[in-house]
Structures are given as C-alpha cells and as structure tokens.
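Numbering (full-length UniProt numbering), first residue to last: 1 to 282. Worksheet: the structure to be examined is printed underneath.
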Ligand SMILES: Nc1ncnc2c1ncn2[C@@H]1O[C@H](COP(=O)(O)OP(=O)(O)OP(=O)(O)O)[C@@H](O)[C@H]1O
C-alpha cells in the first residue's frame, strides 16, 4: 500500500509525562485523514513529530519514506504545509503582503495568492492588517499560508476551530478541491461533523495510542445496531429491525402517506469514540 506517512511503535515522553505510548498507523497517499482524540491525547505532539519539530523517544516515524526528523530540510519543507496554533504571521503587514512574502520564500508565482485567498474566503479582506483581524480571519490567513505552495502533504491542527459554520463549510470545500488535485491532508479536529463529512479515514487516539482506524462510513455501519428509524407525519419515531419483516409495516404507512423520514439508526463518530474508549472526545 502506498503510505505517505508511516508511524511504528512511537513513544514520546516529556520528563515524567508520557504523551505517546505506542503509536502505530499509516496514512495513504490521497487520504483526508482525521486524527481524533480528547484534549491531551497527543495529537499536536504527533504533528510535531511528523513535521520534524520533535523527535520520538523511541520507535520510528517516516514521511515520504524518510525519517520525520529530516522534514525541516528545505527539500521536504517545500513538500509539506503546516497550520498550527503558533501564528508566524507578520502583524503589521496586510493579509496579502504576508502571503506575497511567503510566495517569495517558497518560490511561488504571486498569482497563487489570489487563488488561496479565494479558498479561505478572504478576498474581500486581503488588504486588512493582520493585527486588525478577528481570530477566525487569522486562522484562515494561516490556512492560506499553509496552502500557498500547493504541498503534497498538509498538516492542519484544528483547521476550523474558531470559524463560524459558513466559513467552515467554505474551507471544507476548498480542502476537498485541494485533495482532489493531489494533496494528502492530515487533520486534527474535535468536530465530529467535520470528521464525518471531510475525512476518508479517521483514527481514534486515546491514552497515547490508536484505538480504532477506519473509514467513517464503515465504522458507523459496524457500530450500528441494524435498526431503521421511521419518522411519521404524526410526530412518532419508530425503530424497526432492518429486515424483510419490517417492510410490510412500512408499506402500510407509506400507502397512507404517513412516512416523513426513514434512516438507518447509526451512531455518530462521537458515540463510537465513547463506546471504544469510555471517554468523551472533548
Ligand atoms: N513541550 C512539552 N513539554 C511537556 N509536556 C508536553 C509538551 N508538549 C505536550 N506535552 C504533554 O503531552 C500530552 C499531549 O499533548 P498534546 O498537545 O500533544 O495533546 P493534544 O491531543 O494536541 O491536545 P489538545 O486537543 O488540547 O490540543 C499532554 O499531557 C501535554 O501536557
């Protein structure tokens, strides 16, 4: 299998604190990989290891087939994009000038600036100084900067954490487009809707190791109870087993135009996380 990220038995300790216990997983090229876990689970530490900002205490992490500690080499830096908490933006410059500066740094044509501004929905605000931006606008500027050089692999730590739903949706659309053009995306999120709608694979991180890894649809099916939820026009919601015997009952309601909704009674990723780890995601 074509893995762009390979992590094998990685441990990371900070003094007495064990942030990662035994982390093993792979990310396929072309994936949108959601890394989910409660606060303190080790998500940021993992991104820092994969981007060469931290080294594992033991075990091995490889990105593009090379040890992740080499990721700060300029050759690899050009192939990855990172968006995390630490801003790294020039407060006195406008959004556009910040991006132009990074364009030069990455040897990119200045036309890229307009393209990424469109993706993050900041075209109208491009001349605003960074010091005058809201938290969400700053977050979108950092995302724009991470996209500028069209990286092969993009790391996003809570990419839509400070955004309103409309902007989050706009960014999801932009990330999907970017992914279709060939960028593999590794993101952390607490937002289960984001994970379900955006990610092709999700991994549940708890107590420093992966507890579950699969495609969200498969997980919801696997953890579902095999029941259908039928919503009727009189407001009742009736649960029926998803088997031929239920068809007659549903047929009768349908004949009387009483059916409003029929859906599989599947758990959310949040429900599955609680079932697997016994802990909430937040
Ligand atoms: N530089 C550091 N020095 C000491 N301890 C650290 C350091 N970085 C992380 N830790 C510890 O490692 C653990 C994992 O932290 P990490 O930031 O990776 O979690 P996270 O899953 O990203 O959490 P959040 O969702 O709150 O951002 C925590 O217990 C944290 O206190």
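We put the CB at the ideal spot given by N, CA and C, even for glycine.
Leaving out five residues on either side along the sequence, give the residues of the same chain with a beta carbon under 7 Å from the beta carbon of residue 231. 237, 260 and 261
Quick one: what's residue 54 bridged to in DSSP? Paired residues: none, contrary to the question.
Neighbour-count burial assignment, residue 2, 16 or more Cβ in a 10 Å radius: exposed
What residue ranges within the region 129-199 form continuous beta strand (DSSP E) runs of no fewer than 3 residues, ordered along the chain? 153-157 and 184-189
With DSSP as the reference, please indicate the residues paired to residue 62 in a beta bridge. 6 and 67
Same chain, Cβ closer than 8 Å to residue 41, five either side skipped, listed in chain order: 205, 206, 207 and 208
Quick check on this structure: which residue in 101, 167 and 23 has the alpha carbon closest to the alpha carbon of residue 118? 167
Quick one: residues with CB closer than 5 Å to any heavy atom of ligand 1, in chain order, please. 14, 17, 19, 39, 40, 41, 42, 43, 44 and 45
Residue 243 bridges to which residues according to DSSP? Note: residue 243 sits in no beta bridge, so no partner.
Quick check on DSSP: helix, strand or coil for residue 113? helix
Between the C-alpha atoms of residue 19 and residue 39, what's the straight-line distance to the nearest angstrom? 11 Å
Which partner residues does residue 232 have in the DSSP bridge list? 259
Would you mind giving the Cβ-Cβ distance between residue 12 and residue 44, rounded to the nearest angstrom? I have them listed as a contact below 8 Å. Contact flag wrong, Cβ pair sits at about 11 Å.
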